[in-house]
Amino acid sequence: DMNSLEMTSTVLIYLVPHLVCLFLYTVLLQSCYAAGKQKLIVAVAVIALLLKFSLTAILKNLLDYQGIALATSLVEIVVVTMMVYILRRENRIVNLRKLFVLIIKVVIASIPMMALGYHYKSLPDFSTGMPLISKFRVIPAALISGLSFLAMAYWLRITEIRNLTGRFNLKQ
672 DMNSLEMTST
682 VLIYLVPHLV
692 CLFLYTVLLQ
702 SCYAAGKQKL
712 IVAVAVIALL
722 LKFSLTAILK
732 NLLDYQGIAL
742 ATSLVEIVVV
752 TMMVYILRRE
762 NRIVNLRKLF
772 VLIIKVVIAS
782 IPMMALGYHY
792 KSLPDFSTGM
802 PLISKFRVIP
812 AALISGLSFL
822 AMAYWLRITE
832 IRNLTGRFNL
842 KQ
């Protein structure tokens, strides 16, 4: 039905910041390990877990499934901020400009996902007479948004994505 279609597209839109932060998290996590900050990483993880449970409980009651997506994105933003602070305090991030450029590239690569979310919300309801098939419309949307993110990230020369796609190179 149209309600579930709109809810799915809103969840997808709310998860875009999570995607950006998740990408940054993987880069920052490696830097924290290299800086020998394993105990701080565990502390950040515990704080993130407690914050995730708290925000999910609060926002789920206010916004339903969209609240869970929003809580996920907010926690990732807090985690990335804490990791940048830790690394900056230890002088492990000397060039914040490179990090900022990376953030901009990931945000640009996420634009197709946001656009798909808005477009998906406006699709007409085709579920009349096809209740099972209409429920699977989310799968192509997720695949298209994920692949478009990878394509945009590759085009923007994001090193981690290029390395990831290089692992699947079948040429011998």
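Counted the way this note's numbering counts, the sequence shown spans residues 672 to 843. C-beta: ideal position from N, C-alpha, C; glycine also.
### Of the residues THR830, LEU814 and LYS708, the one placed nearest ARG760, counting alpha carbons only
LYS708
#### Entry: Nonlocal neighbours in the same chain, by C-beta distance under 7 angstroms from ALA822, ignoring five residues either side
none
### Query
Is TYR696 near VAL751, with beta carbons less than 8 angstroms apart?
yes
### Query
Are the beta-carbon atoms belonging to THR743 and LEU814 less than 8 angstroms from one another?
no
### Task
Would you kindly report the start and end of the unbroken alpha helix (DSSP H) that includes GLU747?
736–760
### Task
Run the CB neighbour count on PRO811, radius 10 Å, all protein chains shown included, and call it buried at 16 or more, exposed below.
exposed
### Contact between the region 816–830 and the region 770–788 (3+ Cβ pairs under 8 angstroms)
yes
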